[in-house]
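In the numbering used here, the protein residues as written are 740 to 1097.
Just so it is clear, CB atoms sit at the ideal spot from N, CA and C, and this is done for glycine as well.
This report concerns only the one structure given below.
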Ligand SMILES: [Mg+2]
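Structure follows, in structure tokens:
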């Protein structure tokens, strides 16, 4: 029987070609923990746990400690053929630590797919290896945003994501500046990252509706824990509202559905902890008529590749949010996901297609 032989971690810091700026931070690197799971035949699977201090609270040091400690202990010695049971054991090994769990879950799936000689999308049941993605505009003033938006449309992107929620007084003007710059045919989605009160959210979104901004959706307008506030906003604006930080796992999504607190949900592996949970979230949302995207944190081609594979296999109702690795000046890996204009391209080679660090 082939068994899981070991779990190893490596820190990775990869430079961006353009600084990534949000209400909460400015960064010029993607910082992540790469995990490699090796089986007793010497086959290796890859995954990653990104540093996400401002959202999930997870750090590189915490992810390393979790992966090398309790998560390594629970998988080492298990049969690699028993993927579902091993991934369930990972989910139940520790509380929280969703990014570390997702890293190991993805690495175990990558390993299993490689053993069968299948790409991760094919292993998950689809032959789709190319998906469209949105691109985020780094936070800035109206003029800078309008100029950047024009460049991104020139790069081929048809769906732009704007960070708002920094200053309710100027959010409307900045969104309208971008809309004017890109014209009516580009989709414009907003992410407030919990930055508004419920009343501010209704005021800003209503003003955008009145001004004809034609916003596709507004993501996480209010603080994650304020589901009453989220439902209050959703009931009062015509623009679809998407839950992101409010939904980590299935219990959260059930509560959002029960309260009709949002129209859409953004599923991320670093919040839900693994591919099976991610798929269950998408299936549950679709069964209840919710719109969906799959997104990621600031991650490398490993984590974005896993998210793209999930989006390809489960399907999403809206263009996914898979631009994180687009921001990298160069891929830190040999092989793996790449970008072609506004498309994410997954290699049709074994697993995630990552063959080593550069
Ligand atoms: Mg978001």
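How many whole angstroms separate the CB atoms of residue 1047 and residue 1085, which I take to be in contact at a CB cut-off of 8 Å?
The count along the chain shown starts at 1 and reaches residue 1047 at position 308. The count along the chain shown starts at 1 and reaches residue 1085 at position 346. With 8 Å as the limit, residue 1047 and residue 1085 qualify as a contact, their Cβ atoms being about 6 Å apart.
Residues around ligand 1, please: the ones whose beta-carbon is closer than 5 Å to some heavy atom of it, in chain order.
Any residue whose Cβ sits closer than 5 Å to a heavy atom of ligand 1 makes the list: 930, 958, 983.
Along the chain, where does the alpha helix (DSSP H) containing residue 958 start, and where does it finish?
Residue 958 sits at position 219 when you count from the first residue of the chain shown. Element bounds for residue 958: not the alpha helix (DSSP H) but the beta strand (DSSP E), 954 to 958.
Sorry if obvious, but does the Cβ on residue 1009 come closer than 6 Å to a heavy atom of ligand 3?
The ligand content of the structure shown is limited to ligand 1, which means ligand 3 is not among them.
Comparing C-alpha positions only, which one of 1051, 1007, 1055 sits nearest to residue 1037?
Position 298 of the chain shown, counting from 1, holds the residue named residue 1037. Residue 1007 is the option with its Cα nearest to residue 1037.
Going along the chain, which residues of its own chain have a beta-carbon closer than 6 Å to the beta-carbon of residue 1034, five neighbours each way excluded?
Indexing the chain shown from 1 puts residue 1034 at position 295. Correct list, in chain order: 1005, 1007, 1060.
Short of 8 Å in beta carbon distance, which residues of its chain neighbour residue 891, apart from the five on each side in sequence? Order them along the chain.
Numbered from 1 along the chain shown, position 152 holds the residue referred to as residue 891. The answer, listed in chain order, is 874, 876, 899.
Entirely within the segment 863 to 887 and at least 3 residues each: give me those beta strand (DSSP E) ranges in chain order.
For the segment 863 to 887, whole beta strand (DSSP E) runs of length 3 or above, ordered along the chain, are 869 to 871, 874 to 876.
Please list the terminal residues of the continuous alpha helix (DSSP H) segment that includes residue 1030.
If you number the chain shown from 1, residue 1030 lands on position 291. Element bounds for residue 1030: not the alpha helix (DSSP H) but the beta strand (DSSP E), 1030 to 1034.
May I ask you to list the residues that DSSP assigns as paired with residue 836?
The residue labelled residue 836 in the question sits at position 97 within the chain shown. The partner list for residue 836 (beta bridge, DSSP) is empty, contrary to what the question assumes.
Find the nearest neighbour of residue 741 within the set 1066, 783, 1021, 818, judged by alpha-carbon distance.
Residue 741 sits at position 2 when you count from the first residue of the chain shown. Per the Cα distances, 818.
With three or more C-beta pairs closer than 8 Å as the rule, is the segment 1019 to 1034 touching the segment 748 to 758?
No: the two stretches stay apart, fewer than three of their Cβ pairs being nearer than 8 Å.
Which of helix, strand or coil does DSSP assign to residue 927?
Residue mapping note: residue 927 aligns to position 188 of the chain shown, counting from 1. Strand, per DSSP.
Select from 933, 895, 945, 1079 the residue whose C-alpha is nearest the C-alpha of residue 914.
Taking the first residue of the chain shown as 1, we reach residue 914 at position 175. If we check each option's Cα against that of residue 914, 945 comes out closest.
From this set, 932, 872, 907, which residue's C-alpha is nearest residue 947's C-alpha?
Residue numbering aside, residue 947 sits at position 208 when the chain shown is read from its first letter. Nearest C-alpha to residue 947: 907.
Taking the DSSP output, what are the residues bridged to residue 1073?
Your numbering for residue 1073 matches position 334 in the chain shown. BP columns for residue 1073 point to 1095.
Any chance you could list the alpha helix (DSSP H) runs of at least 4 consecutive residues sitting entirely within the segment 768 to 832, in chain order?
Listed in chain order, the complete alpha helix (DSSP H) runs (minimum 4 residues) inside the segment 768 to 832 are 799 to 805, 811 to 814, 822 to 832.
Just to confirm, is the Cβ distance from residue 850 to residue 776 under 7 Å?
What you label residue 850 is simply residue 111 of the chain shown in a count that begins at 1. What you label residue 776 is simply residue 37 of the chain shown in a count that begins at 1. Taking 7 Å as the Cβ cut-off, residue 850 and residue 776 qualify as a contacting pair.
Ignoring anything shorter than 4 residues or poking outside the segment 983 to 1032, list the alpha helix (DSSP H) runs there in chain order.
You should have 989 to 998, 1008 to 1011, 1014 to 1026.
Looking at the secondary structure, which residues open and close the beta strand (DSSP E) in which residue 754 lies?
Start at 1 with the first residue of the chain shown, and residue 754 comes out as number 15. Residues 743 to 760.
Please look up how many angstroms separate the CB atoms of residue 909 and residue 878, rounded, as I've assumed it's under 8 Å.
By 1-based counting over the chain shown, the position of residue 909 is 170. By 1-based counting over the chain shown, the position of residue 878 is 139. Their Cβ separation, rounded to whole angstroms, is 11 Å, which puts residue 909 and residue 878 out of contact at 8 Å.
Cβ atoms of residue 811 and residue 1012: under 7 Å apart, would you say?
Walking along the chain shown from the start, residue 1012 turns up at place 273. Walking along the chain shown from the start, residue 811 turns up at place 72. Going by C-beta atoms, residue 1012 is not nearer than 7 Å to residue 811.
Taking the straight line between their C-alpha atoms, what separation do you get for residue 825 and residue 845?
What you label residue 825 is simply residue 86 of the chain shown in a count that begins at 1. What you label residue 845 is simply residue 106 of the chain shown in a count that begins at 1. Their backbone Cα atoms lie some 12 Å apart in a straight line.
Could you pull the start and end residues of the alpha helix (DSSP H) that residue 914 belongs to?
Taking the first residue of the chain shown as position 1, residue 914 is located at position 175. Where residue 914 is concerned, the enclosing alpha helix (DSSP H) stretches over 907 to 921.
Thinking just about the alpha-carbon of each residue, which of 880, 1052, 1031, 983 is nearest to the one in residue 868?
Position 129 of the chain shown holds residue 868. Minimum Cα distance to residue 868 is reached at 1052.
Starting from residue 945, trace the beta strand (DSSP E) in both directions and tell me its first and last residue.
Against the chain shown, residue 945 aligns to sequence position 206. From DSSP, residue 945 is part of no beta strand (DSSP E) but of the alpha helix (DSSP H) over 937 to 949.
Could you have a look at residue 1048 and say whether DSSP puts it in helix, strand or coil?
Numbered from 1 along the chain shown, position 309 holds the residue referred to as residue 1048. Reduced to three states, the DSSP call for residue 1048 is helix.
Exposed or buried, residue 861, counting other C-beta atoms within 10 Å across all chains shown (16 or more means buried)?
Locating residue 861 in the chain shown gives position 122, counting from the first residue. It counts as buried.
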